[in-house]
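Down below is the structure, laid out as structure tokens.
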Amino acid sequence: MNKHQIRGRILQWRGAVRESWGAYTRNERLERAGRRDRALGMIEYRHGLLRAAIARQQKRLAQYMN
148 MNKHQIRGRI LQWRGAVRES WGAYTRNERL ERAGRRDRAL GMIEYRHGLL
198 RAAIARQQKR LAQYMN
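The numbering used here numbers the first residue of the sequence shown as 148 and each following residue consecutively.
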């Protein structure tokens with residue numbers, strides 16, 4: 148797990164908490180911010196997955212080049 152995946156999970160968690168709290172307090176702005184955080188967290192997490200896959204492929208290709 149790299150830093151992008153960790154940051155993405157944290158953003159998703161924070162977004163879920165903010166969205167829930169916004170629904171509880173009937174604060175639409177807070178709910179929207181929570182949904183935005185969850186979406187950004189998912190993007191960040193997937194970015195981390197792609198970076199990890201690229202790193203694995205580069206490592207594999209480097210073995211064949213030497």
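Every residue gets a Cβ at the ideal spot worked out from N, C-alpha and C, and that includes glycine. Everything numeric in this text was worked out from a predicted model, so none of it was measured.
Assigned secondary structure, residue i (DSSP; H/G/I helix, E/B strand, else coil)
i: M189; result: helix
i: R203; result: helix
i: R173; result: coil
Alpha-carbon spacing of residue i relative to residue j, whole angstroms
i: I153; j: M212; result: 32 Å
i: I190; j: G181; result: 14 Å
i: G155; j: A186; result: 9 Å
i: G162; j: R193; result: 16 Å
i: R183; j: I201; result: 27 Å
Cβ-Cβ distance between residue i and residue j below 8 Å
i: G195; j: Q159; result: no
i: N149; j: R207; result: no
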